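Asks: Residue numbers (the working numbering), protein chains in the order written: chain A, 2 to 604; chain B, 141 to 372. Pasting a structure here, questions to come.
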Amino acid sequence: MKSYLGLIPISAKVRRRQNRMTLLCIIFSVFLVTAVFSMAEISMRMEQSRLTEKHNREFTFQAIMDTSMGQNLLLVAGGLFVLILIAGVLMISGSINSTVAQRTKFFGMMRCIGMSRGQLSLFVRMEALNWCKTAIPVGIILGMAFTWILCAILRFVVREEFTAIPLFGVSPIGIISGVVMGMVTVLIAARAPAKRVSKVSPIAAVSGNADHTNRMRRAGRIGVFPIEISLGIRHAVSARKNLILMTGSFALSIILFLTFSVLLDFVGYLLPQSASDADIHISGEEGVNCVPYEIVETIRGMDGVKNIFGRRSAFGVPAQLGQEGMPQAVDLISYDDFDLDALKKDHVLKRGSSLSKVRGNSAYVLAICDEDAPLDIGDTIQVGSEILNVAGILKYDIFSGDGLSHGRVSIIASSETFVRLTGVTDYSLVMVQTTGDVTDEDVAAIGAVLGGSCSLKDGREEKTAGTYIAFNLCVYGFLAIIAMVTALNIMNSISMSVSARSRQYGAMRAVGMDGRQVTRMIAAEAVTYALAGCVIGCVVGLAIGKALFNILIRGHFAYAVWTLPVSRLLIVLLFVVAATSAAVHAPSRRMRNMAVTETINEL
Amino acid sequence: MALLRVEHIGKTYGSGETAVHALKNVSFSVPKGEFVVIVGESGSGKSTLLNMIGALDTPTSGKVFINDKNTFAMKEKALTIFRRRNIGFIFQAFNLIPELSVEQNMIFPLLLDHRRPNKKYLEELLTVLGLEKRRDHLPSQLSGGQQQRVAIGRALMTRPSLVLADEPTGNLDSQNSSEVLALLKDTARKYEQTVIMITHNPAIAHTADRVFQVSDGVLTDLGECRERGYLE
């Protein structure tokens, strides 16, 4: 030992158990950042090689960064960095605070034997940095392994546009940002505890009154709850800083969850996935409704065809809307049963719509119109001599790019109803969904039966399903990790808080508190944090989520309506309950099984 | 010349009706090399006085001079450095660092001062304290008496001119007590150190150069105990 700082690694070895949670927190932050930045860099490199191949000239990395995709990616990665930084600082600071609080006497003694305030503060910081020695490499290795697994999934499972993704890419940006994240979080997190420690009076070692900061002003009242529950709540509320940290970390995770899940909605709007998305489109060369209807049955039996369905259309049909009989031209479109079912699966029908009435030869149709349009479920439309009833309304215009119908009214009828109304049997558009193992020859064979009057558009390459799945995978993965970190953090904090009070609990056991009461006391403390965090997290999270929804989604898709995400709130509630009970389990068992004498005789 | 001068020290906790006067106008001085014992009931203010002398706690009024330096006039940082160079502390609860060996525990205060330990002096201390074979042991592997000897070694390692001991034998049996005490006295004499010790043990008080009694915050100089027939 050459310097007093030599005590740090020695002491770290002994205090490994107490520091385990702090280590885990650092590993998690480093891991997350490494994974996010590695993925970002690898996808940029993929884009780079794709562009190089496409345009047959070299693209520099800088050029990719300057594209809007590069800028967006950079922005997202930067935002994530800050979020992870905040989460990491909160978690690590919480656990450093707890470990430090338990060692007030030790620090007081250090002051007695001549450590200055500056040295104490440096000691705490260096102690925290010492954890980085192991945590950062572990986090980086985990992050890289995660990236490789993700790349493998993208390449072999999702395929689509990711077949060219490199499997074992090493990302310098990912590694550097991991290291930076580790050091920065730890240094920021250690600031407050270091300052607090430097104020420890040397008296703390001598007098035994180590707990100067937590001086009670007056004895608390024992309220309506049993004594052990009142005590548990008081434990949570009395240390304000700890309360803020614990509640904050609960709340932050919930906020992150509610915010990130809006991204899922965003992707849903950006890359709408419909059950009726087709791989092959067949349309007539000369105007509408000239794909012969017999052709559908011919193609249905061919190799590589999973589903086939067609649409007929009649544009600008004169009609009278509603009771007053306002005259307006409407577009009439026919849907096969498969297509109608897809509307239900895609959840585009408004509440109260009835699909079964529309099916077959009926007097019912579905309508698409603007919010301020004159049509509603139950209204009537007169087309020619027939009176049709509106059995359902769509939430937005599925035929327009921005989801708005701009005053146009479209009516969807079943195949049979359309034929009855118009007498037209041929299709304007026939769509084919192919099986997974369809070959180019199969598609060519379909093209061959069409003859000269129809043309085939092969859209197999244009599907966005791959990107959609990949993005969902990333967001869900991220949410899972947030959940895991939160659970760990909660467990850590409760455990720390209990260890810090183990003498007190020992004394309570000694004067007759039974095991179940100890559990209840610890549970009451945990529930206080959880409840407060839950309320704050849900309120703030919903507010941010709604704001994000308005900026990100409503800004582009005017028909989008924000609704209270009840299922997500339920998930949050379930998660908090599960995490809290898991957090209470281990420490309360430790306290129940503890020998009473063990703690009270401890110096 | 007096090594330690305490002038009109007073300490009051709280204010108004709830004010507690732990020390009332205490003054005395101790020359270099003297072995002083402070006795008194528990709660009488002994430890408070010792903490004031060691500048661990600040008095409500009065001054403390060590080597003619007014400790409470110093800035926090200067005071820390002054303390680690001039005052050695020994506690009833040993307060060793559990993860460090005997030798590391002893040189720790020197490392805080960015000084290299004097090997010869360290060996000498280890021999005097009877710890040369235990130098690599951890505190948990030592008996209470041995641990307290390590704490004495740590206090003496920086060659302080003043050693403050708060019931150093309070946790020891009589055999170990007398050994530790004899050691403390021998080393203090050998290295010309002033020792101020709190004790409850009349036998120890008996062997001191001088005895102070604190009662309800008031200090009485009982003088040299053998002359005055203290504790008869």
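A virtual CB, placed ideally from N, CA and C, is assigned to each residue, including glycine. From a predicted model like this one, the values you see are computed outputs, not experimental measurements.
What's the C-alpha gap between Val585/A and Ala524/A?
Replies: For the purposes of this step, residue 585/A is identified with residue 584 of the first sequence, where counting begins at 1. For the purposes of this step, residue 524/A is identified with residue 523 of the first sequence, where counting begins at 1. Using only the alpha carbons, I get a separation of about 6 Å.
Asks: If I measure Cβ to Cβ from Leu359/B and keep anything under 6 Å in the same chain, skipping five residues before and after, which residues do I get?
Replies: Here residue 359/B refers to the residue found at position 219 of the second sequence. If we look at Leu359/B and ignore the five residues flanking it on each side, its Cβ neighbours are Val166 and Phe352.
Asks: When DSSP labels each residue in this structure, what does Gln274/A get in the three-state scheme?
Replies: Residue numbering aside, residue 274/A sits at position 273 when the first sequence is read from its first letter. Looking at Gln274/A - three-state DSSP - the assignment turns out to be coil, as it is neither helix nor strand.
Asks: Spatial neighbours of Leu264/A within its chain, please: C-beta separation below 7 Å, excluding the five flanking residues on both sides.
Replies: Start at 1 with the first residue of the first sequence, and residue 264/A comes out as number 263. Here the set comprises Val476.
Asks: Tell me, please, whether the CB atom of Val476/A is closer than 9 Å to any CB atom in chain B?
Replies: As a first step, residue 476/A is located in the first sequence; it is residue number 475 there, counting from the start. Answer no: the Cβ-Cβ gap between Val476/A and chain B never drops below 9 Å.
Asks: Which residues of chain B have a Cβ atom closer than 8 Å to the Cβ of Arg118/A, listed in chain order?
Replies: Translated into positions along the first sequence, residue 118/A becomes position 117. Under the 8 Å cutoff, chain B gives Glu216, Lys217 and Thr220.
Asks: Apply the 10 Å Cβ neighbour rule to Ser96/A and answer buried if 16 or more other Cβ atoms are within range, or exposed otherwise.
Replies: Counted from its first residue, the first sequence places residue 96/A at position 95. Ser96/A is buried by the Cβ-count criterion.
Asks: Decide yes or no for the touch test of the segment 239–247 of chain B against the segment 333–350 of chain B: beta carbon pairs closer than 8 Å, at least 3 of them.
Replies: The segment 239–247 of chain B is not in contact with the segment 333–350 of chain B.
Asks: Taking Asp253/B as the query, report the chain A residues whose CB atoms sit under 7 Å from its CB, ordered along the chain.
Replies: For this step, residue 253/B is matched to residue 113 along the second sequence. Here the neighbours are Gly115.
Asks: How about Leu302/B and Ile221/B: are their beta carbons less than 9 Å apart?
Replies: Taking the second sequence and counting its residues from 1, one reaches residue 302/B at position 162. Taking the second sequence and counting its residues from 1, one reaches residue 221/B at position 81. In this structure, Ile221/B does not lie closer than 9 Å to Leu302/B by Cβ.
Asks: Taking C-beta pairs closer than 9 Å, name the residues in chain A that Asn316/B reaches, listed in chain order.
Replies: Mapped onto the second sequence, residue 316/B falls at position 176. Those do not exist, as Asn316/B stays about 17 Å from chain A at its closest Cβ, beyond 9 Å.
Asks: At the 9 Å Cβ level, is Asp197/B part of the contact set with chain A, yes or no?
Replies: Numbered from 1 along the second sequence, position 57 holds the residue referred to as residue 197/B. Cβ-Cβ to chain A under 9 Å: yes for Asp197/B.
Asks: Excluding the five sequence neighbours on either side, which residues of its own chain have a C-beta within less than 7 Å of the C-beta of Arg329/B, listed in chain order?
Replies: Position 189 of the second sequence, counted from the start, is the residue given in the question as residue 329/B. Closer than 7 Å at Cβ, skipping near neighbours: no residue.
Asks: Taking 9 Å as the threshold (beta carbon to beta carbon), is Ile174/A in contact with chain B?
Replies: Locating residue 174/A in the first sequence gives position 173, counting from the first residue. It does not; no Cβ of chain B falls within 9 Å.
Asks: Please list the terminal residues of the continuous alpha helix (DSSP H) segment that includes Ser415/A.
Replies: For the purposes of this step, residue 415/A is taken as residue 414 along the first sequence, with counting starting at 1. No alpha helix (DSSP H) holds Ser415/A; the beta strand (DSSP E) holding it covers Val410 to Ser415.
Asks: Let me confirm a value: Thr609/A is counted as buried when at least 16 other C-beta atoms fall within 10 Å, else exposed. Which label applies?
Replies: No answer is possible for residue 609/A: it lies beyond the span of chain A, which begins at 2 and ends at 604.
Asks: How would you call Tyr336/A, buried or exposed, if buried means at least 16 neighbouring beta carbons within 10 angstroms?
Replies: In the first sequence, counting from the first residue as 1, residue 336/A sits at position 335. Buried, because 16 or more other Cβ atoms sit within 10 Å of the Cβ of Tyr336/A.
Asks: For Thr298/B and chain A, any beta-carbon pair shorter than 9 Å?
Replies: The residue labelled residue 298/B in the question sits at position 158 within the second sequence. Yes, Thr298/B lies at the interface with chain A (some Cβ there is under 9 Å from its Cβ).
Asks: Can you give the Cα-Cα distance for Ile255/A and Cys535/A, rounded to whole angstroms?
Replies: For this step, residue 255/A is matched to residue 254 along the first sequence. For this step, residue 535/A is matched to residue 534 along the first sequence. Computed Cα separation, rounded: 7 Å.
Asks: If contact means a Cβ-Cβ distance below 9 Å, which residues of the segment 265–288 of chain B contact chain A?
Replies: Listed by position, the residues of the segment 265–288 of chain B near chain A (Cβ gap below 9 Å) amount to none.
Asks: In chain order, what residues of the same chain have a beta carbon less than 8 Å from the beta carbon of Gly513/A, not counting five sequence neighbours either side?
Replies: Here residue 513/A is taken as the residue at index 512 of the first sequence, counted from 1. Nothing listed; no residue qualifies.
Asks: Could you tell me which chain B residues have their CB closer than 9 Å to the CB of Leu8/A, listed as they occur along the chain?
Replies: The sequence position of residue 8/A within the first sequence is 7, counting from 1. Under the 9 Å cutoff, chain B gives Ile237, Glu239, Leu240, Gln244, Phe248 and Leu251.
Asks: Please state the DSSP three-state secondary structure of Asp371/A.
Replies: The residue labelled residue 371/A in the question sits at position 370 within the first sequence. DSSP places Asp371/A in coil when its eight states are reduced to three.
Asks: Find out if the Cβ-Cβ distance for the pair Ser355/A, Gly323/A is shorter than 9 Å.
Replies: On the first sequence, residue 355/A is found 354 positions in, with the first residue counted as 1. On the first sequence, residue 323/A is found 322 positions in, with the first residue counted as 1. Not in contact: Ser355/A and Gly323/A (Cβ atoms no closer than 9 Å).
Asks: Is Asn390/A closer than 9 Å to Ala414/A when the C-beta atoms are compared?
Replies: Along the first sequence, read from residue 1 onward, the residue named residue 414/A stands at position 413. Along the first sequence, read from residue 1 onward, the residue named residue 390/A stands at position 389. Contact: no.
Asks: Do three or more CB pairs link the segment 312–332 of chain B to the segment 278–296 of chain B at distances below 8 Å?
Replies: Short answer: they touch.
Asks: Mark Thr564/A as exposed unless 16 or more other C-beta atoms lie within 10 angstroms of its C-beta, in which case mark it buried.
Replies: The residue labelled residue 564/A in the question sits at position 563 within the first sequence. Burial call: exposed.
Asks: Could you please tell me which residues of the segment 8–35 of chain A, in chain order, have their CB closer than 7 Å to any CB of chain B?
Replies: Correct list: Leu8, Ile11, Ser12 and Val15.
Asks: Who pairs with Phe175/B in a beta bridge, going by DSSP?
Replies: Your numbering for residue 175/B matches position 35 in the second sequence. Phe175/B pairs with Val335/B.
Asks: What do you get for Asn594/A, buried or exposed, if any count of 16 or more other CB atoms within 10 angstroms of its CB means buried?
Replies: Position 593 of the first sequence, counted from the start, is the residue given in the question as residue 594/A. Exposed: under 16 other Cβ atoms inside 10 Å.
Asks: Determine whether the Cβ of Lys3/A lies closer than 9 Å to any Cβ atom of chain B.
Replies: For the purposes of this step, residue 3/A is identified with residue 2 of the first sequence, where counting begins at 1. Yes - at least one Cβ of chain B is within 9 Å of the one on Lys3/A.
Asks: Does chain B have any CB closer than 9 Å to the CB of Asp212/A?
Replies: For the purposes of this step, residue 212/A is taken as the residue at position 211 of the first sequence. Here the model assigns Asp212/A a pLDDT of 45, short of 50, so the residue's position is not dependable, and the following value carries that caveat. By this cut-off, Asp212/A is not an interface position.
Asks: Is Arg223/B close to the ligand SAH? I mean its beta-carbon at under 8 Å from any heavy atom of the ligand.
Replies: Ligands in the displayed structure: none, and consequently the ligand SAH is not present.
Asks: Note down, in chain order, all residues in the segment 84–113 of chain A with a beta-carbon under 7 Å from any beta-carbon belonging to chain B.
Replies: Taking 7 Å as the Cβ-Cβ cut-off against chain B, the residues of the segment 84–113 of chain A that qualify are Met110 and Cys113.
Asks: Can you look up Ser355/B in the DSSP assignment and give me helix, strand or coil?
Replies: Sequence index remark: in the second sequence, residue 355/B carries index 215 (1-based). Ser355/B falls in the strand class under three-state DSSP.
Asks: Name the chain B residues that come within less than 8 Å of Ile204/A, Cβ to Cβ?
Replies: The sequence position of residue 204/A within the first sequence is 203, counting from 1. In chain order: Asn191, Leu196 and Asp197.
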